[in-house]
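Everything below concerns the one structure shown next.
Printed below as a string of structure tokens:
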């Protein structure tokens, strides 16, 4: 307001036609505009270049702009009680982490080009914590959050043998875990519970990424305010699990994913209706002609390349000699129409060589999943130096 009053005063004393030209540079890409006696508060000004006015006036306005900008920034910071935690809540570099723990910057943006059908999931996730976080923590065990379709307690009971067998021997107090595609953080929360129940582990530092920013936001909120067993939140980013280039190599004591979301339409059938797409893929599975077989082979290769890219990043960021775990692996679509496609058990060891994963090909351990039909879990170990 003070700035606009100053401009009006300058207009009245300008001595020429009373017109002041201002060029505006804005993050919204606004073109230069002219200002006389009017002002649009929604213009989104970020800088001013003033012409056709006296040099002394130019200096005065420049100084005034600087004072307004600095004062406004200080007032904004002081009046926002959550300002000091903004980096945490968005998953950016965490200033509260000790310097000896893993630090990295989340990607400022990534291309949302996957063919996942996420509209319903996003809507459900946005409604979480509408009452408050305390209410959520009191009730989530009986609910089917994170698109699981089953309650937290059911998933925990069915996952208990695998998690209690494969995770605790790999970790000690104060170690770090990274979950690729962590959702709102419930799988991480469950894993920490089981680690504590089986081995009494605490002080684990948790990291992760999640493709949907709304879910990453919820995961940060949970681990900022209710991390169990004295665990610490490292960094949880919005990010694509097939491109973890922002995460340092050889960094974590255990890396895992609760589920690799498959490519739903590998050969781009292109129907808007997912069910129509599935019918096309089913027909390809059932036909015995040369064309159908080749399309099936291409579809499966695209799926396998996608899995390999996801797992390759997990292997890279694990410390040498440490565990990489993939849970809830789906089998190829032609072997199970009730799922969305995946890879066969026999694929893994040859894939390690084909795609150049730095893992011990003799370390693979697999176990049948007890929740979903025909799914399975995979354990592997990164080669030691």
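Residue numbers (my numbering): 15 to 399.
We put the CB at the ideal spot given by N, CA and C, even for glycine.
This structure is a prediction, so every number in the text was calculated from the model and none was measured.
Shown here, residue 399 sits in coil according to DSSP, grouped into three states, outside any helix or strand.
Annotated as distal: residue 274 and residue 221, with beta-carbon spacing of 8 Å or more. Bridge partners of residue 382 according to DSSP: 390. For secondary structure counted as the beta strand (DSSP E) over 3 or more consecutive residues, the stretch 174-251 holds these complete runs in sequence order: 190-194, 219-224. Residues 291, 294 of the same chain have their beta carbon placed closer than 7 Å to that of residue 283, with the five preceding and five following residues left out of the count.
Inter-segment contact for the stretch 164-184 and the stretch 193-212 is present: three or more beta-carbon pairs are separated by less than 8 Å. CA-to-CA, the gap between residue 344 and residue 351 works out to about 11 Å. For residue 316, the enclosing alpha helix (DSSP H) starts and ends at 304-331.
Counting along the chain, no beta strand (DSSP E) covers residue 116, and no H or E run does either. Setting aside the 5 residues that flank it on each side, residue 298 is surrounded in the same chain by 306, 309, 310, each with a C-beta closer than 6 Å to its C-beta; the list follows chain order. Closest in C-alpha terms to residue 362, from the list 353, 224, 318, comes 318. Residue 366 places its beta carbon 8 Å or farther from that of residue 357. With contacts defined as CB atoms closer than 8 Å, residue 312 and residue 185 fail to qualify as a contacting pair. A check of alpha carbon separations from residue 175 across 390, 159, 304, 236 identifies 390 as the nearest.
Secondary structure of residue 150 (DSSP, three-state): helix.
Taking the CA atoms as reference points, residue 330 sits about 11 Å from residue 337. By the C-beta density criterion, residue 256 is buried, having at least 16 other C-beta atoms within 10 angstroms. Between residue 277 and residue 118, the C-beta gap is not smaller than 8 Å, which leaves the two residues out of contact. Taking a 10 Å sphere around the C-beta of residue 150, we find 16 or more other C-beta atoms and assign the residue as buried. Check the Cα spacing between residue 369 and each of 193, 323, 281, 285: the tightest is with 323. Taking the Cβ atoms as the reference, residue 396 lies roughly 6 Å from residue 335, within the contact range of under 8 Å.
By the Cβ rule, the stretch 208-218 counts as touching the stretch 182-200, because three or more pairs are nearer than 8 Å. Distance between residue 156 and residue 165, taken at the CA atoms: about 5 Å. Residue state for residue 280 is assigned as coil, using DSSP reduced to three classes. Leaving aside the five residues that flank residue 272 on each side, the residues in its chain whose CB is nearer than 8 Å to its CB run, in chain order, 193, 195, 196, 197, 201, 341, 342.
With fewer than 16 neighbouring CB atoms inside 10 Å of its own CB, residue 364 falls in the exposed class. Bridge pairing for residue 266: 332 [DSSP].
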